[in-house]
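Student:
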Amino acid sequence: MDKLMIAELQTINCSFNDQNSLYLAYMPFVKNGGLFIRNYQNIKVGTHVLLTIHLYNENGSDKVEAKVIWLTPIGAQGNKPAGVGVQFLGENHQDFRYKIETKLADMLKSIHVTDTM
């Protein structure tokens, strides 16, 4: 996507202040990787967005293009939190996915429940 089109995308800002919050949100099973972002409403499935993401123990934030691939409504089954699931896209999605997986290296094979599974 060119820079002009990126500038026109809706921006979602999110912050993960510790390893556990990132683990709860990360979706390694989605092609290219993805995140579940709690309590973000009014975005339709298929919408392309620009994520501005601050990860714990980092200065600054990362920007990653993504696409909304599902919505979890308020009051969803299993007491899952409301929010949107996004799939990483764009040129830097592999670098960002690697960054997340490096931060979660000791948790990726965990059997603990996440916001999505």
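Residue 33 in UniProt numbering is what sits at position 33 of the sequence shown, and the numbering runs on without skipping anything.
Glycine residues also receive a C-beta, built at the ideal position from the N, C-alpha and C atoms.
1) Three-state secondary structure (DSSP) at I69?
2) Out of T72, D62 and E58, which has the shortest C-alpha to C-alpha gap to L51?
3) Which residues share a DSSP beta bridge with F96?
4) State the Cα-Cα distance for the pair Q10 and V68, rounded to the nearest angstrom.
5) With DSSP run on the structure shown, which of helix, strand or coil describes S21?
Tutor: Checking against the coordinates, here is how it stands:
1) strand
2) Selection T72, D62 and E58 evaluated against L51 yields D62 as nearest (Cα-Cα).
3) None, per the DSSP bridge assignment.
4) Straight-line Cα distance between these residues: approximately 11 Å.
5) helix
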